[in-house]
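In this note's numbering, the protein residues as written are 49 to 330.
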């Protein structure tokens with residue numbers, strides 16, 4: 049028993065593993081029309097050349113001979129007494145431009161709107177950000193310039209201050225600090241005729257403010273353990289006695305030798321152990 053046109057089309061489609069939906073998508077023919085063709089039911093189809101076009105496209109996609117399919121269609125129509133006049137019915141072909149096409153179009157429009165929105169936002173951001181960045185850069189540059197200028201002025205002032213400190217103060221304007229570096233030091237002082245003894249520790253240095261003269265005496269074994277500053281300026285002290293018979297180092301600061309001590313930054317001893325303008329060993 050020979051197969052009908054609809055059976056041939058269905059068989060060819062199934063042999064290739066093709067679904068009705070795939071045929072509909074590729075041929076742009078309604079899936080319901082394709083199902084009617086496979087069932088040899090053309091009553092809901094528009095008829096005329098449209099039916100022939102549907103059959104031909106269906107057969108071509110599933111690999112069936114198109115001319116043979118058209119001949120089978122003509123025989124089927126003749127047997128069913130279907131009007132095959134070439135007169136066109138008032139018909140709008142049903143193709144797949146419905147919901148799927150609309151959805152695709154809406155998705156495309158939505159995507160374009162998003163891209164345009166992002167682009168607009170980016171442009172607005174740049175228009176707002178770039179001027180602010182330039183202003184900030186200009187402000188920072190101005191601030192740096194002002195800071196540099198201030199620093200230059202301060203440095204100049206500091207240089208002037210340092211230059212002024214090169215001038216030796218008078219003894220009445222001095223503040224002399226004597227401190228122990230590591231171990232406690234026993235010191236005997238004579239400040240303007242007032243004699244006193246102190247035990248000076250690293251934690252508690254002692255300050256002297258003489259008006260006319262100051263004498264400090266300590267063991268030469270502590271020579272590397274003491275430090276003296278005048279108005280914050282460190283003064284180098286004798287490292288030891290030039291005369292090994294003397295067990296103590298005595299420093300004397302007066303109005304007469306203060307200038308030399310200040311300018312040299314040191315209290316020195318002669319090679320014979322005598323005081324060199326400022327110090328004396330006992």
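In this text, a Cβ means the ideal position worked out from N, Cα and C, and glycines have one as well.
Here the structure is a predicted model, which is why all the values come from computation and not from measurement.
| Item | Value |
| --- | --- |
| Roughly how many angstroms lie between the CA atoms of residue 281 and residue 220, to the nearest whole one? | 16 angstroms |
| Report yes if the CB atom of residue 297 is closer than 9 angstroms to the CB atom of residue 259, and no otherwise. | no |
| Would DSSP call residue 222 helix, strand or coil? | coil |
| Quick check on this structure: which residue in 65, 250, 243, 105 has the alpha carbon closest to the alpha carbon of residue 263? | 243 |
| What did DSSP end up calling residue 69 once you bin it into helix, strand or coil? | helix |
| Answer with buried or exposed for residue 58, where buried requires no fewer than 16 other C-beta atoms within 10 angstroms of its C-beta. | buried |
| Quick one: what's got a C-beta closer than 7 angstroms to residue 295's C-beta in the same chain, skipping five residues either side? | 267, 268 |
| If you scan the stretch 258-324 from start to end, which runs of the beta strand (DSSP E) of 3 or more residues do you find wholly inside it? | 261-267, 274-278, 281-283, 296-302 |
| Inspect the CB distances between the stretch 302-315 and the stretch 236-253 and report whether three or more fall short of 8 angstroms. | no |
| With which residues is residue 238 paired in a DSSP beta bridge? | 243, 263 |
| With DSSP run on the structure shown, which of helix, strand or coil describes residue 249? | strand |
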